[in-house]
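Asks: With UniProt numbering applied, the sequence shown corresponds to residues 1 to 579, in that order. Before we start, here is the structure in question, set down as structure tokens.
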Amino acid sequence: MNDLDVTGQIPELIGNWTKLTILKIQGTGWRGPIPSSFSNLTSLTEFLLGDISNGGSSLEIIKDMKSLSILVLRNNNLTGTIPSNFGEYSNLLELDVSYNDLSGSLPSWVSLPNLDLNLVANNFTLNGLDKRVLARLKCLQKNFPCNRGKGICNYGPLISAVSAKPDFTPTVDNRPPSKQNNRTGTVTGVIVGLGLLGLFAGAVIFIIRKRSKGYTDDEELLNMDVKPYTFTYSELKSATQDFDPANKLGEGGFGSIYKGTLNDGREIAVKVLSVGSRQGKGQFVAEIIAISAVMHRNLVKLYGCCFEKHHRLLVYEYLPNGSLDYALFGGDKTLHLDWSTRFEICMGVARGLAYLHEEASVRIVHRDVKAGNILLDSNLLPKVSDFGLANLYDDKKTHISTRVVGTIGYLAPEYAMRGHLTEKTDVYAFGIVALELVSGRKNSDVNLGNEKKYLLEWTWNLHENSREVELVDHKLSEFNTEEVKRIIGIALLCTYSSHSLRPSMSRVVAMLTGDVEVSDVTSKLGYLTDMRFDETSNSSFSAFQTIDTGASTSYSTGFVAPKDSDHKPMLGVKINAGR
Numbered sequence: 001m002n003d004l005d006v007t008g009q010i011p012e013l014i015g016n017w018t019k020l021t022i023l024k025i026q027g028t029g030w031r032g033p034i035p036s037s038f039s040n041l042t043s044l045t046e047f048l049l050g051d052i053s054n055g056g057s058s059l060e061i062i063k064d065m066k067s068l069s070i071l072v073l074r075n076n077n078l079t080g081t082i083p084s085n086f087g088e089y090s091n092l093l094e095l096d097v098s099y100n101d102l103s104g105s106l107p108s109w110v111s112l113p114n115l116d117l118n119l120v121a122n123n124f125t126l127n128g129l130d131k132r133v134l135a136r137l138k139c140l141q142k143n144f145p146c147n148r149g150k151g152i153c154n155y156g157p158l159i160s161a162v163s164a165k166p167d168f169t170p171t172v173d174n175r176p177p178s179k180q181n182n183r184t185g186t187v188t189g190v191i192v193g194l195g196l197l198g199l200f201a202g203a204v205i206f207i208i209r210k211r212s213k214g215y216t217d218d219e220e221l222l223n224m225d226v227k228p229y230t231f232t233y234s235e236l237k238s239a240t241q242d243f244d245p246a247n248k249l250g251e252g253g254f255g256s257i258y259k260g261t262l263n264d265g266r267e268i269a270v271k272v273l274s275v276g277s278r279q280g281k282g283q284f285v286a287e288i289i290a291i292s293a294v295m296h297r298n299l300v301k302l303y304g305c306c307f308e309k310h311h312r313l314l315v316y317e318y319l320p321n322g323s324l325d326y327a328l329f330g331g332d333k334t335l336h337l338d339w340s341t342r343f344e345i346c347m348g349v350a351r352g353l354a355y356l357h358e359e360a361s362v363r364i365v366h367r368d369v370k371a372g373n374i375l376l377d378s379n380l381l382p383k384v385s386d387f388g389l390a391n392l393y394d395d396k397k398t399h400i401s402t403r404v405v406g407t408i409g410y411l412a413p414e415y416a417m418r419g420h421l422t423e424k425t426d427v428y429a430f431g432i433v434a435l436e437l438v439s440g441r442k443n444s445d446v447n448l449g450n451e452k453k454y455l456l457e458w459t460w461n462l463h464e465n466s467r468e469v470e471l472v473d474h475k476l477s478e479f480n481t482e483e484v485k486r487i488i489g490i491a492l493l494c495t496y497s498s499h500s501l502r503p504s505m506s507r508v509v510a511m512l513t514g515d516v517e518v519s520d521v522t523s524k525l526g527y528l529t530d531m532r533f534d535e536t537s538n539s540s541f542s543a544f545q546t547i548d549t550g551a552s553t554s555y556s557t558g559f560v561a562p563k564d565s566d567h568k569p570m571l572g573v574k575i576n577a578g579r
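Here it is in structure tokens:
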């Protein structure tokens with residue numbers, strides 16, 4: 001039941017499925033507490049339950065699940081202690097109870113050599129535990145200290161590194177030195193001694209400061225209520241075969257992305273963020289936590305991140321069918337997308353954006369919705385990618401962005417010209433993507449005649465003459481005419497130049513499903529070029545203006561933003577630039 005688009009509490013009835021052997025509930029919208037009926041699932045061999053909000057419960061529910069080989073209960077706010085009878089779980093190979101509030105002492109069975117154990121970020125008492133056991137446990141993820149004290153943390157190792165030689169023998173002869181030589185030797189000895197002492201003191205201070213800074217950053221992460229899963233840089237380097245160019249999937253405005261395979265066999269996509277990010281470690285982690293909290297079946301799942309030294313990497317699920325851009329415009333390697341598939345893709349993208357704008361705990365404006373940022377899984381289910389990333393690069397937290405992040409052809413006019421960012425910026429871009437799905441062509445193509453060069457302008461002309469069907473991709477031998485006209489009508493509403501006239505994404509979903517009628521688009525005024533926007537600016541913009549490259553181009557630019565008073569605020573302070 002991973003990645004289900006559900007809400008509410010975890011159903012009690014799951015506990016009645018007593019013959020279940022594998023249960024996986026991760027990435028859903030369910031909340032806790034974990035039902036007590038789960039204690040009936042004694043046939044389970046694999047039990048994975050993760051990231052449940054308000055999951056407060058204890059590990060007593062699993063005390064009789066003695067057939068378990070894999071138990072992952074990560075980040076569920078679990079309390080209490082580890083059941084004492086865990087040592088009787090003879091088949092247990094992996095135990096992950098990280099990022100909970102478990103306490104108490106660790107039992108002796110944690111030293112079992114074949115047990116893969118992760119106890120990160122709990123409140124266990126480790127006093128008296130054999131240091132050899134500590135060295136093997138994964139309770140020191142990224143050097144997080146499980147315990148503090150001499151020999152473990154700051155000053156123990158430094159002192160133990162200092163040694164003396166008891167049988168020291170002088171190397172000088174035994175003749176009495178002259179006064180002159182004695183004075184010279186004394187001065188030389190003092191100078192050399194002071195120099196060595198200074199070097200040693202400097203080295204000690206440097207190491208202590210370096211370690212203290214590292215622990216400060218790590219403790220900051222440990223003190224967070226919700227933590228992102230962290231990968232080591234070496235782990236990701238190994239997964240991608242040292243970021244082999246052969247594994248490179250592409251490169252976007254935020255960095256390069258590589259395909260990789262983890263040790264457990266999972267295929268992943270690793271995005272190596274460019275050095276343009278202005279975030280420190282704490283800010284970076286906070287943003288990743290916000291993105292990690294956003295889960296929907298039509299959004300690419302973020303597995304975790306890596307932040308070591310200057311490295312900033314994000315680890316996503318790998319989607320084998322690539323981007324919608326590639327599926328539609330990839331030449332000989334395009335995927336065959338029939339009409340029903342295209343309609344479902346359009347619906348899925350709309351639902352994903354509606355969730356970002358209106359349903360997620362942290363509401364996000366994507367800023368760069370385009371065919372290249374919509375990925376397809378093995379079943380051609382669409383998933384929006386790269387949401388939330390713009391905020392890692394933009395140091396402003398207002399609805400006026402000083403750095404436009406987007407792609408020519410998909411940019412809403414008020415955002416391109418004035419940096420005025422709202423959720424309606426994404427609505428405009430969605431309208432363009434919808435037209436690309438219907439037509440099977442890019443939003444601009446200089447190889448076509450003037451009438452067809454710009455997709456949005458051509459669509460309006462066809463709509464004005466009731467010839468919308470002519471927009472349909474010629475590769476489609478069959479299609480639903482009513483659905484074609486419905487998508488085109490919605491796309492025209494979404495691309496009004498005045499953002500206040502565009503529908504919300506939730507209304508777009510309702511129009512696609514047929515629950516709400518598509519409003520008539522009777523006036524061409526919304527699409528005329530060289531117009532004024534919102535009656536607050538004298539700036540003009542061609543709704544079809546683009547660069548004649550024949551391809552969509554990602555870019556960002558800086559400009560002097562107008563005063564905030566010239567603009568209407570966005571929907572509350574929770575929506576920030578890029579979020």
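In this text, a Cβ means the ideal position worked out from N, Cα and C, and glycines have one as well. Values in this document were obtained by computation on a predicted structure and should not be read as measured data.
Closest to valine 365 by C-alpha separation, out of Leu501, Leu13, Ile291 and Tyr318, would be which residue?
Replies: Comparing Cα-Cα distances from valine 365 to each of Leu501, Leu13, Ile291 and Tyr318, the minimum goes to Ile291.
Asks: With DSSP as the reference, please indicate the residues paired to tyrosine 355 in a beta bridge.
Replies: DSSP, once it has assigned bridges, lists no residue as partnering tyrosine 355.
Asks: Please identify the residue among His499, Leu353 and Leu319 whose C-alpha is closest to the C-alpha of asparagine 379.
Replies: Leu319
Asks: Whole alpha helix (DSSP H) runs in the stretch 239 to 295 with 4 or more residues, listed along the chain?
Replies: Uninterrupted alpha helix (DSSP H) stretches at least 4 residues long and entirely within the stretch 239 to 295 occur at 281 to 292, given in chain order.
Asks: Mapping DSSP to helix, strand and coil, what is proline 107?
Replies: coil
Asks: Starting from the C-beta of proline 166, find all residues in its chain whose C-beta is less than 8 Å away, skip the five residues before and the five after it, and write them out in chain order.
Replies: Low per-residue confidence applies at proline 166: pLDDT is 41, beneath 50, and the placement is therefore not dependable, though the value from the model is reported in the following sentence. Here the set comprises nothing.
Asks: Given this structure, state the Cα-to-Cα distance separating alanine 429 from lysine 248, to the nearest angstrom.
Replies: 27 Å
Asks: Which two residues bound the contiguous beta strand (DSSP E) that contains glutamate 46?
Replies: 46 to 50
Asks: Tell me, please, which residues DSSP counts as bridged to aspartate 96.
Replies: Val72 and Asn118
Asks: Indicate the three-state DSSP secondary structure (helix, strand or coil) for residue 580 in the structure shown.
Replies: There is no way to answer for residue 580, as the model of the chain reaches only from 1 to 579.
Asks: Tell me the residue span of the beta strand (DSSP E) that contains asparagine 450.
Replies: Going by DSSP, asparagine 450 is part of no beta strand (DSSP E) at all; its letter is neither H nor E.
Asks: Could you check whether phenylalanine 124 and residue 595 sit closer than 8 Å to each other, using their CB atoms as the reference points?
Replies: Nothing can be reported for residue 595: it is not among the residues displayed for the chain, which extend from 1 to 579.
Asks: Using C-beta distances below 6 Å, list every residue in its chain close to isoleucine 62, excluding the 5 sequence neighbours before and after it, in chain order.
Replies: Around isoleucine 62, the same chain offers no residue with a beta carbon nearer than 6 Å, after the five sequence neighbours per side are excluded.
Asks: Do leucine 455 and tryptophan 339 have their beta-carbon atoms positioned less than 8 Å apart in this structure?
Replies: It is not a contact, given that the beta carbons lie outside the stated cut-off.
Asks: So phenylalanine 307 is in the alpha helix (DSSP H); what residue range does that whole segment cover?
Replies: Careful: phenylalanine 307 lies outside any alpha helix (DSSP H) and carries neither H nor E.
Asks: Hey, would you say threonine 459 sits closer than 8 Å to leucine 471, going by beta carbons?
Replies: yes
Asks: Using the DSSP secondary-structure output, state which residues sit across from asparagine 123 in a beta bridge.
Replies: According to the DSSP secondary-structure assignment, asparagine 123 is paired through a beta bridge with Ser103.
Asks: Going by other Cβ atoms of all chains shown within 10 Å of its Cβ, with 16 needed for buried, is lysine 271 buried or exposed?
Replies: buried
Asks: How big is the Cα-Cα spacing for leucine 299 and glutamate 464?
Replies: 35 Å
Asks: Report all residues from its chain with a CB closer than 6 Å to the CB of tyrosine 229; omit the five preceding and five following residues, and keep chain order.
Replies: Non-local C-beta neighbours of tyrosine 229 in its own chain, meaning closer than 6 Å and more than five positions away in sequence, comprise Gly304, ordered along the chain.
Asks: What residues in its chain sit with their C-beta under 6 Å from that of histidine 310, if we drop five residues either side in the sequence?
Replies: none
Asks: What do you get for alanine 201, buried or exposed, if any count of 16 or more other CB atoms within 10 angstroms of its CB means buried?
Replies: exposed
Asks: Quick check: the stretch 340 to 353 against the stretch 254 to 273, are there 3 or more CB pairs under 8 Å?
Replies: Look at the beta carbons and you see the stretch 340 to 353 not touching the stretch 254 to 273: under three pairs across the two are nearer than 8 Å.
Asks: Considering tyrosine 89, what are the terminal residues of the beta strand (DSSP E) in which it resides?
Replies: Per DSSP, tyrosine 89 belongs to no beta strand (DSSP E) and is neither H nor E.
Asks: Within the same chain, show all residues whose beta-carbon is closer than 6 Å to that of isoleucine 22, passing over the 5 residues directly before and after it, in chain order.
Replies: Glu46
Asks: Tell whether a beta-carbon distance below 8 Å holds between glycine 440 and leucine 328.
Replies: Yes, they are a contact pair.
Asks: Go ahead and label leucine 525 buried or exposed: buried means 16 or more other beta carbons lie within 10 angstroms of its beta carbon, across all protein chains shown.
Replies: Residue confidence for leucine 525 is low, a pLDDT of 47 falling below 50, so the modelled location carries little weight; the figure read from the coordinates is stated next. Exposed, by the Cβ-count rule.
Asks: For proline 33 and serine 57, which I take to be in contact (beta-carbon distance under 8 Å), what is that distance rounded to the nearest angstrom?
Replies: 5 Å
Asks: Can glycine 489 and valine 438 be called in contact, C-beta distance under 8 Å?
Replies: no
Asks: Mapping DSSP to helix, strand and coil, what is histidine 499?
Replies: helix
Asks: Hey, how far is the Cα of leucine 353 from the Cα of glutamate 88?
Replies: 48 Å
Asks: Could you tell me which of Arg31, Val120 and Tyr326 sits nearest to leucine 375, measuring between CA atoms?
Replies: Nearest C-alpha to leucine 375: Tyr326.
Asks: Could you tell me how far apart the beta carbons of glycine 15 and phenylalanine 38 are, in whole angstroms, since I believe they sit closer than 8 Å?
Replies: Going by Cβ atoms, the distance from glycine 15 to phenylalanine 38 rounds to 5 Å, so yes, they are a contact pair.
Asks: Drop a sphere of 10 angstroms on the beta-carbon of glycine 265, count the other beta-carbons inside from all chains shown, and report buried for 16 or more, exposed for fewer.
Replies: exposed
Asks: Using C-beta distances below 6 Å, list every residue in its chain close to leucine 49, excluding the 5 sequence neighbours before and after it, in chain order.
Replies: Ile25 and Leu73
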